[in-house]
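Novice: Below you will find the structure I want to go over with you.
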Amino acid sequence: MPQSFLGDYHVHTRNSDGRAAARDMVAAARRAGLEEVALTDHGPRNIGVGVNAANVFLRLKKKVAGWDTPDIRVLIGAEANIVGLNGEIDIPAAVYRQLDLLLVGLHPYVLPRDWATARELVLANQLQGRSCRWRERAMEANTRALTAALEKHPVFCITHPGLEMPVDIEPLARVCARTGTLWEVNVGHCYQRPQELARVARWGVRFVVNSDAHQPATVGRLEEGWRLLRAAGVPPEQVINLRH
């Protein structure tokens with residue numbers, strides 16, 4: 001039987017690299033039959049696509065608070081970038097504590113906080129396609145930085161884990177289970193495989209299916225995510241935004 005979804009918690013607007021205004025993305029979520037939608041633009045250190053400054057999120061939250069949207073709950077969050085090997089992110093705690101949710105992910109083109117991060121997190125990922133040695137080095141750094149971020153910050157979910165930047169699934173899943181962090185099934189990139197999701201699920205990790213929408217047409221288009229999870233043998237109760 002087809003499953004429907006309560007919410008889509010990873011959506012971008014023109015404040016970062018989305019192609020539509022916040023109101024348009026919310027209207028699309030309403031048309032998709034969602035009860036909730038989260039506007040989660042890229043953090044400021046994502047080169048070329050991030051918000052101009054972290055306080056953009058607070059301005060948007062204040063703006064949305066004045067909207068009349070009784071039929072849909074609009075959440076304001078951020079997709080923070082990891083910019084340090086020890087889990088540092090580009091959204092200050094003073095900002096993210098005022099948001100509704102914090103998403104964290106690895107992105108290949110960020111402004112790192114120091115030279116060690118530039119070498120191990122940026123350069124290694126640029127070179128990881130050239131040899132097994134570079135790939136292993138990148139995977140170790142990626143996993144270390146991401147798990148540290150989950151320990152340091154109240155992360156709602158990790159975004160597109162393993163996309164373009166390899167991670168070691170087992171230790172990352174263990175930390176997600178311990179911290180209560182959700183594992184994102186990202187419909188927007190279509191790269192995940194049932195076998196990997198099954199490995200994550202064995203640790204008791206819960207999942208959230210998100211669109212990573214950058215335009216209204218893809219907001220709430222989440223069915224492919226449930227197909228993958230079902231193929232992985234994940235029960236509906238392990239997916240937080242499925243309607244039951």
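Going left to right, the sequence shown walks through residues 1 to 244 as full-length UniProt numbering numbers them.
Heads up, the beta-carbon is just placed ideally off N, CA and C, and yes, glycines get one too.
Just so we're clear, the structure is a prediction, and the values are computed from it rather than from any experiment.
1) Just verifying my parser: in three-state terms, what is the DSSP assignment at I169?
2) For the alpha helix (DSSP H) that contains T40, what are its first and last residues?
3) Fully enclosed by the segment 100-127, which alpha helix (DSSP H) runs are 4 residues long or longer?
4) Can L6 and E36 be called in contact, C-beta distance under 8 Å?
5) I'd like to know whether the C-beta atoms of A27 and L39 end up nearer to each other than 8 Å.
6) Just the Cα atoms here: how many angstroms apart are H3 and A201?
7) Roughly how many angstroms lie between the CA atoms of G188 and L127, to the nearest whole one?
8) The beta strand (DSSP E) spanning D8 covers which residue range?
9) Drop a sphere of 10 angstroms on the beta-carbon of G129, count the other beta-carbons inside from all chains shown, and report buried for 16 or more, exposed for fewer.
10) Using the three-state DSSP reduction, which class does E164 fall into: helix, strand or coil?
Specialist: Concretely, from the data shown:
1) helix
2) Not the alpha helix (DSSP H): T40 falls in the beta strand (DSSP E), residues 36-42.
3) 124-127
4) yes
5) no
6) Looking at the sequence provided, one finds Gln at residue 3 rather than His. Roughly 19 Å separates the two Cα atoms.
7) 25 Å
8) 7-11
9) exposed
10) coil
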